[in-house]
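Undergrad: Going down the list, the protein sequences come from chains A and B.
Under the numbering used here, the first residue of the first sequence is numbered 1, with each subsequent residue one higher.
Under the numbering used here, the first residue of the second sequence is numbered 1001, with each subsequent residue one higher.
The beta carbon of each residue, even a glycine, is placed where N, CA and C say it ideally should be.
Since the model is a prediction, treat every value here as computed from it, not as a measurement.
Dumping the structure here so I can ask a few things about it.
2 protein chains.
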Amino acid sequence: MTSQHIVKSFDEQLNKLDNTIAEMGGLAEHQLAEAIDALVRRDVEKAAAVAAADIRIDRLESIVDQNAVALLALRQPMATDLRMVISALKTSGIIERIGDYAKNVAKRTLVLAELPPVPPGASIARLGALAQRMFKDVLDAYSARDVEKADLVRLRDKEVDALYTSIFRELLTYMMEDPRNITPCTHLLFIAKNMERVGDHATNIAENIHYMVRGEVFSEERPKSDESAFAVVTPGLPAGAKEG
Amino acid sequence: MTSQHIVKSFDEQLNKLDNTIAEMGGLAEHQLAEAIDALVRRDVEKAAAVAAADIRIDRLESIVDQNAVALLALRQPMATDLRMVISALKTSGIIERIGDYAKNVAKRTLVLAELPPVPPGASIARLGALAQRMFKDVLDAYSARDVEKADLVRLRDKEVDALYTSIFRELLTYMMEDPRNITPCTHLLFIAKNMERVGDHATNIAENIHYMVRGEVFSEERPKSDESAFAVVTPGLPAGAKEG
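This is how it looks when you write it as structure tokens:
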């Protein structure tokens, strides 16, 4: 970073932090939408473009980090302002992870495009859309400092988890039907897991909003449950016939 | 938090932050070792104990966060001290994630113990041991502020990635051989992925050490490659016969 001779106003610096988070979030959300679209359409060019563009999110994360640290060092913010800087640091880390998930989906799409298509594409697109909407809404809540909206996003994570668990079972069933489905379904499993993680991370951002606005920290236990860790699917039985 | 009437010395507060990180890291490392051991021995009680103990790591993360924010607010640290506080915040978040991976391995072990054993247990134990050693060494490097040691840990991530990719292929091959292997091998796939992520996170801690000690930030592109995202395994061919 070049040394800065013109000292900006404190509010201006805080605004800049907010704007960079918004830009980063918008980009990650776009990447996620593009990755899902490329997956559904088996669009190799689009997938390659998503994978290549992830570095832009990483760069924005560095900018947030540098600005946040500069703010802490030069301005020594207190109370709400301090919480805003801490939340920006944490949230930029989360958005960067979401960008990584989009990139990973894109990379797997490049492989999937060369394999025979498998049916659960539609459910995964629905899961992706759910996770993406959670992420979009939590970014809006972050910009607006809207705790109620953040809480509503948090509640929706259960929906994502439930759909993920059902896709997990569905994919295992397809694998059992035909060994040629195993490689594509495994990549789809990881893609579905990535989407489920986006839901978790949207929840984490919702918790950052609480902390930023109200200074509250959530208790460690949260009502999240990816039940797929307990899933058992048995060959010969229809999906969901056996409880995990 | 209760309000604190006795103002501790600045160094004392920084030391406390370091000690909590060390305690948290030690606990997560222990959890990881126990989770791998429970997996290998199909020890359900141990796995349940690991899953239940994760909350202790989450609580330590909250303590690190609270202490770090208190330090920033009350002490307004500069230069190295500021970087130390920022690194503690970031590192505690990473250790918490590693705790989550151990917990997830434990939960899947509970399911695996009820399914017929599948062969790749030994390779996964090796992968777990590799990742765990990386994590242990990077925690030592963190305590000692040892940048050279951190760099050596960083280089070892390639080994973890390579072993993970070979396990990924191996597991897909077992799935293709017998549909009854599909459910257990899928859980093992996610377990292996968790171990691979531990390696990535050890690398992230190594980068935090660089930043803390030298103020350097790594460029966005790092020499990491989980090639499994590109893996294709074809039924009827031995594992590794086809390049992904």
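Tell me, to the nearest whole angstrom, how far the beta carbon of B/Met1195 is from that of B/Tyr1164; I am working on the premise that it is less than 8 Å.
TA: About 7 Å; that satisfies the 8 Å criterion.
Undergrad: Return no unless some Cβ of chain B is closer than 8 Å to the Cβ of A/Arg156.
TA: No, A/Arg156 lies away from the interface with chain B (no Cβ there is under 8 Å from its Cβ).
Undergrad: Where does A/Gln13 sit, in a helix, a strand or coil, going by DSSP?
TA: DSSP places A/Gln13 in helix when its eight states are reduced to three.
Undergrad: Are B/Pro1116 and A/Arg180 touching if we call contact CB-CB under 8 Å?
TA: No.
Undergrad: Might you give, ordered along the chain, the residues of its own chain that have their beta carbon closer than 6 Å to the beta carbon of A/Ala47, omitting 5 neighbours on each side?
TA: Ala38, Ala106, Thr109, Leu110, listed in sequence order.
Undergrad: Assign A/Leu115 to one of three DSSP states: helix, strand, or coil.
TA: Here A/Leu115 sits in coil by DSSP.
Undergrad: Would you say A/Ile86 lies against chain B (beta-carbon separation less than 8 Å)?
TA: For A/Ile86, the answer is yes, since a Cβ of chain B falls inside 8 Å of its Cβ.
Undergrad: Can you give the Cα-Cα distance for A/Lys136 and A/Ala68, rounded to whole angstroms?
TA: Each residue's Cα considered, the two are about 23 Å apart.
Undergrad: Would you say A/Leu82 reaches chain B, if we count a Cβ-Cβ gap shorter than 8 Å as a contact?
TA: Answer yes: the Cβ-Cβ gap between A/Leu82 and chain B drops below 8 Å somewhere.
Undergrad: Using beta carbons (cut-off 8 Å, strictly below), is B/Pro1119 in contact with chain A?
TA: Judged by the 8 Å Cβ criterion, B/Pro1119 is not in contact with chain A.
Undergrad: For a contact defined as C-beta to C-beta under 8 Å, what are the partners of B/Ile1182 on chain A?
TA: Leu172, Met175, Met176, Ile182, Val233, Pro235, listed in chain order.
Undergrad: Taking any Cβ of chain D, which residues in the stretch 1062 to 1083 of chain B have a Cβ under 9 Å from it, in chain order?
TA: Chain labels in this structure do not include chain D; the protein chains are A and B.
Undergrad: With a threshold of 8 Å between beta-carbons, can A/Asn104 be considered close to chain B, or not?
TA: Cβ-Cβ to chain B under 8 Å: yes for A/Asn104.
Undergrad: Starting from the Cα of A/Pro10, find the closest Cα among A/Met212, A/Ala141, A/Val85 and give me that residue.
TA: Note on identity: in this sequence residue 10 of chain A is Phe, with Pro being the wrong assignment. Cα-wise, what sits closest to A/Phe10 is A/Val85.
Undergrad: How many angstroms separate the CA atom of B/Asp1210 from the CA atom of B/Leu1017?
TA: Residue identity differs from the one stated: residue 1210 of chain B is His in this sequence, not Asp. For B/His1210 and B/Leu1017, the distance between alpha carbons rounds to 18 Å.
Undergrad: Give the secondary structure of A/Met175 by DSSP, where H, G and I count as helix, E and B as strand, and everything else as coil.
TA: Residue state, collapsed to three classes: helix.
Undergrad: Helix, strand or coil, according to DSSP, for A/Arg156 in the structure here?
TA: In the structure shown, A/Arg156 sits in coil (DSSP, three-state: anything other than H, G, I, E or B).
Undergrad: Can you name the residues of chain B whose CB is closer than 9 Å to the CB of A/Val217?
TA: Those are Ser1062, Asp1065, Gln1066, listed as they occur along chain B.
Undergrad: Buried or exposed: which applies to B/Pro1249, given that a residue is buried once 16 or more other Cβ atoms fall within 10 Å of its Cβ?
TA: The question about residue 1249 of chain B has no answer here: the residues shown for chain B are numbered 1001 through 1244.
Undergrad: Taking the C-alpha atoms as reference points, what is the distance between B/Arg1097 and A/Ile98?
TA: Their backbone Cα atoms lie some 15 Å apart in a straight line.
Undergrad: Flag A/Glu216 as yes when its Cβ comes closer than 7 Å to any non-hydrogen atom of the ligand HEM, and as no otherwise.
TA: Of ligands this structure carries none, so the ligand HEM is not represented either.
Undergrad: When DSSP labels each residue in this structure, what does B/Thr1002 get in the three-state scheme?
TA: Caution applies to B/Thr1002, whose pLDDT of 45 falls short of 50 and renders its modelled position unreliable; the value that the coordinates give is listed next. B/Thr1002: coil per DSSP, three-state reduction.
Undergrad: At a CB-CB cut-off below 7 Å, which residues of chain A make contact with B/Arg1108?
TA: Ordered by position in chain A, the residues that pass the 7 Å Cβ test against B/Arg1108 are Ala229.
Undergrad: Could you tell me whether any Cβ in chain A is nearer than 8 Å to the Cβ of B/Thr1186?
TA: At least one chain A Cβ lies under 8 Å of B/Thr1186.
Undergrad: What are the start and end residues of the alpha helix (DSSP H) that includes A/Arg56?
TA: Per DSSP, A/Arg56 belongs to the alpha helix (DSSP H) from 44 to 75.
Undergrad: Rounded to whole angstroms, how far is the Cβ of A/Gly199 from the Cβ of A/Ile95, which I believe are closer than 8 Å?
TA: Between A/Ile95 and A/Gly199 the Cβ distance is about 14 Å, and since that is not below 8 Å, they are no contact.
Undergrad: Please list, in chain order, the chain B residues whose beta carbon lies closer than 7 Å to that of A/Pro179.
TA: Residues of chain B passing the Cβ test: Met1176, Pro1235.
Undergrad: Where does B/Val1105 sit, in a helix, a strand or coil, going by DSSP?
TA: Residue state, collapsed to three classes: helix.
Undergrad: Given B/Glu1227, which residues of its chain have a CB within under 6 Å of its CB, disregarding the five upstream and five downstream residues?
TA: Excluding residues within five positions, the ones whose Cβ falls inside 6 Å are Thr1165.
Undergrad: At a CB-CB cut-off below 9 Å, which residues of chain B make contact with A/Leu115?
TA: Residues of chain B passing the Cβ test: Val1232.
Undergrad: Which residues in chain A sit within 8 Å of B/Leu1032, going by Cβ to Cβ distance?
TA: Those do not exist, as B/Leu1032 stays about 16 Å from chain A at its closest Cβ, beyond 8 Å.
Undergrad: Once the 5 residues before and after A/Glu220 are set aside, which same chain residues still bring their CB inside 7 Å of it?
TA: The predicted position of A/Glu220 is uncertain, since its pLDDT is 45 and thus under 50; a value taken from the coordinates is nonetheless stated next. For A/Glu220, where only same-chain residues beyond five positions count, there are no Cβ hits under 7 Å.
Undergrad: Would you give the residue range spanned by the alpha helix (DSSP H) that B/Phe1135 belongs to?
TA: Element bounds for B/Phe1135: 1121 to 1144.
Undergrad: Out of A/Ser123, A/Gly93, A/Val50, state which residue places its alpha-carbon closest to the alpha-carbon of A/Ser62.
TA: The shortest Cα separation from A/Ser62 among A/Ser123, A/Gly93, A/Val50 belongs to A/Gly93.
Undergrad: Any beta carbon of chain B sitting closer than 8 Å to that of A/Val111?
TA: So, interface residue.
Undergrad: Would you kindly work out how many angstroms separate the C-alpha atoms of B/Ser1143 and B/Glu1029, rounded to a whole number?
TA: Going from the Cα of B/Ser1143 to the Cα of B/Glu1029 covers about 14 Å.
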